[in-house]
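Data block below; observations after.
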Amino acid sequence: MTAEIIDGKAFAAKVRGQVAAHVAQLVEEHGIKPGLAVVLVGSDPASEVYVKSKGKMTEEVGMTSVEHRLPAETAEADLLVLIAALNVDPRIHGILVQLPLPPHLNSELVINSIDPAKDVDGFHISNVGLLGTGQKSMVPCTPLGCLMMLREHLGSLSGLNAVVVGRSNIVGKPMAQLLLGDSCTVTIAHSRTKDLAAVCRGADILVAAVGRPEMITGDYVKPGATVIDVGINRIDVGGKTKLVGDVAFESCAAVAGAITPVPGGVGPMTIACLLANTLTAACRANGLPEPKGLTA
Ligand code: GUN
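0 is the number of the first residue of the sequence shown in numbering that gives the first Met the number 0; add one for each residue after it.
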C-alpha cells in the first residue's frame, strides 16, 4: 500500500483564501480590518524567519500587520507595558509574542499578561483551561491545523483511536483535547511510554510531535492509518542540512493510508491558522458570527 499524501501547502493556501474572503467582507460591510501584532524580543535567526513570513502573509490576507522588535536585553517590565498597550488597542485583535524569549524573561508571566481574547497562540492559561473544559477558546495554531487536515481528509473523526506522541503544552496536550472534542478515543504517548510501537499500532490517527528525527517508522503504523507529522528537525546528511519530521516518511508511507510530508505538511498550516485565529478574534471582539470551518 502506498499512502495518499496530505498536501498541507495546498490546504493552507485554501485556508488563507477563505480568511482573505472573510476579511474583505468584514472591511466592506463593517469597516473592520483585523490587526495582528507580533512581538519579537532579540534576534534568534529562526524566529526572524517566522516573524517575517507571518508579517507578509498577514498583509496578503488583507489584515493589518504590526511588528514590535525589541532588543534582547529588554526589561520584563517594559515588555509588559507594551503588551498592556496592545491589549487596549482597538486596531489590534491578535497578539503573538514570539517564543523562545531570552532567558531573563519569564515566558509564562509574559504570555499570561496578554488579553486572553487576543491570545491568538492559545497559550494563555485561561485559553488552556477553556479548551480543556470544552468551552469556546483561542486554540493553538499547530494542533488546530492538524485537526483541520484530519477533518478534511477523514470527515467525521468520531470513535476513531487517536494516539498523540508527545506531551508538550504547545502541541501534544492541546492536540489530544481537540481530538477528544471530536469524539476520538485518545492516548497521549511519549518517550517513556512502554512499547511505544505497539501503542502506536492501535492508532487510526497517529500524530507525531516528539521532536526526534524520523523516530516513527513503518512498524509503528497500523495499515491504512492517517499519520500527521508535526516534527521539524534539521539533520546533517553528507554535510548538507536536511529538514525531516518525526516520521520516517518512506517507511511509514508504505503502510499508512494517508500521511503529511515534511516540509509541506503541518508547517504551512500553522501560519494559516494564526491568520484564522486573528480573524476569529476580530469577529468575536465585534459580536459578529465566527468564520465557518476555521475554528475548532
Ligand atoms: N515559536 C515557534 N513557533 C511559535 C508559535 O507558534 N508561536 C509563538 N509565540 N512562538 C513560536
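Where is the CB? At the ideal position from N, CA and C, for every residue including glycine.
Since this is a predicted model, take the numbers as computed values, not measurements.
- Within the chosen limit of 7 Å, ligand 1 does not reach the beta carbon of residue 18 with any heavy atom.
- Comparing C-alpha distances from residue 30 to each of 43, 63 and 3 shows the shortest one belongs to 63.
- Within 7 Å of the C-beta of residue 140 there is at least one heavy atom belonging to ligand 1.
- If you ignore the 5 residues before and after residue 97, its C-beta comes within less than 7 Å of the C-beta of 37, 38, 39, 46, 49 and 50, all in its own chain and listed in chain order.
- Ranked by Cα distance from residue 101, the options 158, 74 and 186 are led by 74.
- Beta-bridge partners assigned by DSSP to residue 34: 63.
- The criterion of a C-beta distance shorter than 8 Å is not satisfied by residue 293 and residue 277.
- Between ligand 1 and residue 269, a heavy atom-to-CB distance of less than 7 Å is present.
- A direct Cα-to-Cα measurement between residue 140 and residue 273 gives close to 6 Å.
- Excluding five sequence positions before and after residue 257, the CB atoms of its chain that fall closer than 6 Å to its own CB belong to 2, 3, 5, 152 and 225, given in chain order.
- Counting the other Cβ atoms within 10 Å of the Cβ of residue 126 gives 16 or more, which makes it buried.
- Rounded to whole angstroms, the gap between the alpha carbons of residue 61 and residue 109 is 28 Å.
- Non-local beta-carbon contacts of residue 178 in its own chain, meaning distances under 6 Å to residues more than five positions away in sequence, involve 161 and 185 in chain order.
- Burial state of residue 13 is exposed, judged by a 10 Å Cβ sphere holding fewer than 16 other Cβ atoms.
- Collapsing the DSSP output to three states places residue 114 in coil.
- In this structure, ligand 1 has no non-hydrogen atom nearer than 7 Å to the beta-carbon of residue 219.
- In the structure shown, residue 8 adopts helical secondary structure according to DSSP, grouped into three states.
- Along the length of the stretch 230 to 269, whole beta strand (DSSP E) runs at least 3 residues long occupy 232 to 236 and 239 to 243, reported in chain order.
- Excluding five sequence positions before and after residue 207, the CB atoms of its chain that fall closer than 8 Å to its own CB belong to 164, 165, 214, 215, 226, 227, 228, 229, 230, 244, 245 and 246, given in chain order.
- Using a Cβ distance threshold of 8 Å, residue 181 and residue 205 do not count as a contacting pair.
- Assigned with DSSP and collapsed to three states, residue 68 falls in strand.
- As the crow flies, the alpha-carbon of residue 282 is around 45 Å from that of residue 193.
- Checking the 7 Å criterion, the Cβ of residue 118 is out of range of every heavy atom belonging to ligand 1.
- Relative to ligand 1, the beta carbon of residue 96 is positioned inside 7 Å of a heavy atom.
- By the Cβ neighbour-count rule, residue 254 is buried, with 16 or more other Cβ atoms within 10 Å of its own.
- Restricting attention to 203, 200, 209 and 201, the CA atom closest to the CA of residue 190 is found in 209.
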